[in-house]
Amino acid sequence: MSELNLRELHNTEFPVPNDLQSNVAITSLSKIYNWSRRSSMWPLLFGLACCAIEMIATAASRYDLSRFGMEVLRGSPRQSDLMIVSGTVTKKMVVPIVRLYNQMPEPKYVLAMGACASGGGPFKEGYNVVSGIDKYVPVDVYVPGCPPTPQALLFGLIALQKKIDGQSLANFDDVPWYGVGPSEAVPVPVLGPDIIDPRQMELIRRAAEAAVEGQPIGKREAPKRQEAAAPAKQAAVAKTADSADGEAVAADGDIDPKKARLMKKREEMLARKRAREAAKKAQG
Amino acid sequence: MAEGGFGYGLGILKGMGVTFKHFVNTYAADIGYLLNMYSDRPGSGTKFETRQGLKARGMYTVEYPDEKLAVPERFRFVPFLIVEDYDHEERPGHDWCTSCGICAKVCPPQCIWIVRGTNPETGRPKPEPEAFFIDIDICMNCGYCAEFCPFDAIKMDHDYELASYDRTTNHIFDKQKLSKEFRYWRTIAPTTAVEEMEARGGWEHTDVIKARKKAEKAGGKAAAKSKPKAAPKAEVKPAADAAPAAPAPVAEAPVPEDDPNIDPKKARLMKKRAEMLARKEARKKNK
Amino acid sequence: MVDQTADAPQEQVEHLTDSEATVRYLTEKFPDVVKADEREGFEGVVIDRDHLLEVAQVIRDELGYDYLSSATAVDYLGISDHLEMVYHAYRTTGGSALNFKAQTPRENAELPSLIDVWPGVDFQEREAWDLFGIRFDGHPNLKRILMWEGFHGHPMRKDWHEAYYEQDTKPYDSRWPGGDVLRTEELNVFGKNVSYPADIDLSRLNDESEDALYSGLGLGVDIQELDEGSELKTDRLVVNLGPHHPSTHGVFRMIVTLNGETVETLEPVMGYLHRNHEKIGERNTFLHNMPFTDRLDYICSMSNNHGYALAVEQLLSRGARYQPPTYRAEVIRVLMVELTRIVNHYWAIGFLLNDLGAFFTPALYLIAEREKILDFFEATAGSRMMCNYMRFGGVFKDIPERIHSVANLMNDQVRDFNTMQYLDELINERIPRSIEELDQYLTENEIIKARTQGVGYLPPEMAVAYSAAGPLLRASGVPYDVRRADPYSIYDELDFDVAVRYNGDIYDRYLLRIDEMRESARILQQILPRLERTMGEPIFAGNKQHTPRVPVGEAYGRVENPKGELGYYVVSEGDEKGPQNPWRYHVRAPSFINLTVLGQMCKGHKVADVVAILGSIDIVLGETDR
């Protein structure tokens, strides 16, 4: 990590003679772009709870984040690339977190550190606890553990680097910020009687209309117990479990028209790209 | 209270002396190591041990992906289930768990779900779980499940490298993902495994030991009239296995020593590493 | 000590303990107003709520209980159907607690505020209002403190159910033997941890919670009013520090009104890490709570464990088959707790220096020292931070023979030390050396002196009145340390001094922490031979039970946590056979209560000093917000 290794950058499509390999590198734009970006990830100096202590321990001399170019913990979201959500996210705190996320310049990444940030953790049942930050902002890497040890966090950060390595400038399907035009901000949740996600406004309205007097809305009956075997159950979990995106799709009645348009555009782009590639293949 | 005047700044200088000492110490030790820097790499850990121990005066970094701080035996991360070794003669891959449900009860955040096994013929519960789930997004790694399990069937794992890109599909561990061979537990916690073995009275599962003792009693009475069902074969194995284990002073038990010239510690390590590599490969392939 | 308060025989007057005598005195002085608490397992007095203020004055002035340690509410729904406010008061000269209570009906719950008698009750009353809905008559600033203004309901009431409510108590029936795995989100219409009242008004959804915070700050003041003498016209400026701020030690927020650079008022805003410790704690079984206490003050998990174990052991000791922890268990507990104190002070001093602008170098040195202790914790308890080490009646496991790591992953580097040798070297060499080095490194530094001396002064009377605890209290010249004032464990046989400093500023708090580390090292040096002597003795008394039945009653276990007095108020009620789950589980968090006086300490200082003053209190948000 510490030294510049030109071999890391080689694009396999263009062979370089052996004796030149340490002097010359032929690479693709994506690759060099990703390489330089993942080698200088600046995390947001941002601790929430117990995991933050392990995060600080990771940044300290024994584990030393600077070996990954990540030692520059920025206090301001506007100077950082990576948000390490280190600890329990409460309903009260998720409002500033979403604001901070929106203020980060793209490309930006989120790493959910520990059980709490990933899915609520041991405090999940608490009335003020958000069941995973991915209910509000998209998460790139989850690091399980309570708390993850510094080495587990480092493993997560390396996983993130690998993810970045796999991203391509040409394909803005998985990296929205390479696309045209500004991306949308995540709507900031509102602290009402309970926390309100503006994306679910319509859903809440409908539920409130159907609500029984005096009965709080939110709870629903347990889904019918499936008599299927374990793998089927797992699949069911996967299907119903909801990340921020999944939810938007699930409640398709209230998809934002702007988003729909964007998605359509993206699909068209992809189709065109595929056609082009097919044509190329046919020619070759 | 030195406001200007003579002596102002001495305190700062003294402090800087400490900083300087730290700086020098970090490199001074390295110079001393320079000579045998390559001789003890990789593995035997002497240099590493000193650097990460109490003798170290400077600041030393664990170069994480290249060298890792091995975790101590009692280290606890997400739990796993012990199953019989896959090459076990009697019951390969058999669960140690009897689905008694104590782990699910003592789990503080209630992240364990167990489906109790039923015998399809009789419809009565059988001592095996049908399904076993742990939601690692809830698990707080407290270790109660392992501590209170009466069958030593659930243990805390040492593998902390679990980061993933998606939690919806793979953060609820099912039985298949949780199950690990008993051999693995003996590798990661040699001392504890021996302690537990002594408490149980043998290397096998409590039920097997009990059955064997029962059989021995019955056998004593009825001589060799009727052979007990499961016991005799189980008896053969421990005889071979427990022989080195019983007198050995902990930790050494499961080590096969092929070549006397090779340092046993090193041999063990190398073997483990080879196993690890194989497992890693297998995992990669699965992905 | 005070167990038999209720049925103390009449003729034994001269043998009455301190608290018993107090109860006698109070019941005789106010015959109709004050009654001894006669419920089984309860102690202290119940005071009629209309006369609470009057009796409280007497308790403080005549009886000398000048320090109000804890105030919390309990909801006895289904038992006696009232809300009860429980206060624990102490004398700063030492001795055990006076426990007094006041009851109010659940509907329109109201009690007089004791803020004029003990100003330290401020935040605790706000908490009781927030979580239990008890209105405190005479409280000047009765706002929600942990939840936000506008939240529906008072969540700690027994009939208030959270969105993910499953059952009143654990273990939940759905886990076994049916075990149908389910993420709780799936049981919610919104896929989130939310539930709204049926009459939710979606038309007016601006965030009310913020407006309430700024009320009473005197904003929008006429500009001329402020500066009379000079030609310059200024206005007060409101600055929000936090909840995302590098120097607030977590997600803490302060609303500061400034006149130029000078602080006029400061209001702490918290609850950003309120993770419902107590609500979850009441669902949990007694044992379940132990690992949750780790996550209170997540730097000192061992001390948290200790306090909770003491509280529950107090309850258990009323049972017939109770066996107290063995001597070796006590020795190991003290070993762990004192190592934790050193860990905490390393951390506190390191980050105090960060706040002063010495960005990271001192902290790095101290974190490196801390790692050495964490290695021992990891080898013994299994985790670096979340030790979950103590049990009711002992500890989890004896310290291992060797600190031994095993290669499991690729490139693992193995270490192997003899534990006693490791401890010996750690305690006799490493820790004393690092303390001396720290002293040499920072104490004489002129910049540190200039930044800290005379800043954040807290007079002793104020420290006591505001229920400040720990280093904050002792640096103001009040030598109050629970380990000496009300000894627990084996502290009474150990030789150590209560560190005390007299100037009450940041510098003295820093010096006091160094003194305390030295004392801790001294204690540890006495622990080592005891540890060797008791080698091989049992570390657990009796049988380890996973769901012990705890005798009915109340208990207040308190320990001297590195941050101050940590108390656990545990009530066991609701089941005649002996409940498995606490009816009430309250944490008297030093970080939380120490913040009460923050506003007073910062007044008149520059804004840059605010973070330093906060750093010198040494808070941890996990404990503040719980």
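Residue numbers (our numbering), protein chains in the order written: chain Y, 312 to 595; chain H, 1315 to 1601; chain R, 14 to 639. We put the beta carbon where it would ideally sit given N, CA and C, even for glycine.
Per DSSP, Asp150 of chain R is not a residue of any alpha helix (DSSP H); the beta strand (DSSP E) it occupies stretches across Arg148 to Asp150. When Cβ-Cβ separations below 7 Å define contact, Lys419 of chain Y makes no contact with chain H. Contact between Cys1425 of chain H and Cys1453 of chain H holds, since their C-beta atoms are separated by about 5 Å, short of 8 Å. Interface annotation, Arg1388 of chain H: in contact with chain R, CB-CB separation under 7 Å. For Gln453 of chain R, the closest C-alpha among the options H:Gly1331, H:Thr1375, H:Gly1321 and H:Tyr1322 is that of H:Gly1331. Interface annotation, Leu384 of chain Y: not in contact with chain H, CB-CB separation never under 7 Å. In this structure, DSSP gives Arg1430 of chain H an extended state, which the three-state scheme calls strand.
Any Cβ of chain Y closer than 7 Å to the Cβ of Glu120 of chain R would place that residue at the interface, and such an atom is absent. As the crow flies, the alpha-carbon of Gly566 of chain R is around 28 Å from that of Cys313 of chain R. Between the stretch 1468-1487 of chain H and the stretch 1384-1401 of chain H there are three or more inter-stretch CB-CB distances shorter than 8 Å, so the stretches are counted as touching. Residues of chain H with a Cβ closer than 8 Å to the Cβ of Lys402 of chain Y do not exist; the shortest Cβ-Cβ separation is about 18 Å. Within the stretch 169-191 of chain R, contact with chain H at the beta-carbon level (separation under 9 Å) is assigned to Glu179, Lys183, Pro184, Tyr185, Ser187, Arg188, Trp189, Pro190 and Gly191.
Assigned with DSSP and collapsed to three states, Ala102 of chain R falls in strand. Following the DSSP letters along the chain, one finds Lys1469 of chain H inside the beta strand (DSSP E) bounded by residues Ile1468 to Asp1471. About 6 Å separates the CB atoms of Tyr1474 of chain H and Gly456 of chain Y; that is less than 8 Å, so the two are in contact. Note that the C-beta distance between Lys183 of chain R and Thr298 of chain R is below 7 Å. The three-state secondary structure of Glu280 of chain R, taken from DSSP, is strand. Judged by beta-carbon spacing, Leu486 of chain R lies within the 7 Å limit of Ala476 of chain R, meaning their Cβ atoms are closer than that value. With 16 or more other Cβ atoms inside 10 Å of its own Cβ, Thr460 of chain Y counts as buried.
Secondary structure at Pro304 of chain R: helix, using DSSP grouped into helix, strand and coil. Non-local C-beta neighbours of Gly133 of chain R in its own chain, meaning closer than 7 Å and more than five positions away in sequence, comprise Leu81, Ala478, Tyr479, Ser480, Ile606 and Thr609, ordered along the chain. Residue nearest to Tyr227 of chain R within the set R:Asp193, R:Gly192 and R:Glu162 is R:Glu162 (criterion: CA-CA distance). At the C-beta level, Tyr285 of chain R and Met352 of chain Y stay beyond 7 Å of one another. Not one beta carbon of chain R lies nearer than 7 Å to the beta carbon of Trp1499 of chain H. The residues Arg62, His95, Leu96, Glu123, Leu124 and Ile147, in chain order, have a CB closer than 7 Å to that of Thr117 of chain R in the same chain once the five nearest residues on each side in sequence are set aside.
Arg1438 of chain H has its alpha-carbon roughly 40 Å from the corresponding atom of Asn421 of chain R.
Identification of chain Y residues near Asp1471 of chain H by a Cβ-Cβ cut-off of 7 Å yields none; the smallest Cβ-Cβ distance measures about 11 Å.
Within the stretch 246-266 of chain R, those residues whose Cβ lies closer than 7 Å to any Cβ of chain Y are, in chain order, Pro256, His257, Pro259, Gly263 and Val264. Rounded to the nearest angstrom, the gap between the Cα atoms of Pro304 of chain R and Val633 of chain R is 17 Å. Taking C-beta separations shorter than 8 Å and ignoring five residues to either side along the sequence, the partners of Val495 of chain R in its chain run Tyr501, Arg571, Val572, Glu573 and Glu578, following chain order. Legend: CB atoms of the stretch 455-480 of chain Y lying less than 9 Å from CB atoms of chain H belong to residues Pro455, Gly456, Cys457, Pro458, Pro459, Thr460, Pro461, Gln462, Ala463, Leu464, Leu465, Phe466, Gly467, Leu468, Ile469, Ala470, Leu471 and Lys474. Contact between the stretch 1489-1506 of chain H and the stretch 1458-1465 of chain H is not established, with fewer than three Cβ pairs separated by less than 8 Å.
For Thr1436 of chain H, not one C-beta of chain Y is nearer than 7 Å to its own C-beta.
The three-state secondary structure of Val207 of chain R, taken from DSSP, is coil.
DSSP links Thr401 of chain Y through a beta bridge to Y:Val440. The beta carbon of Ala115 of chain R lies closer than 6 Å to those of Ile60, Arg62, Leu65, Met98 and Leu124 in the same chain, with the five residues before and after it left out.
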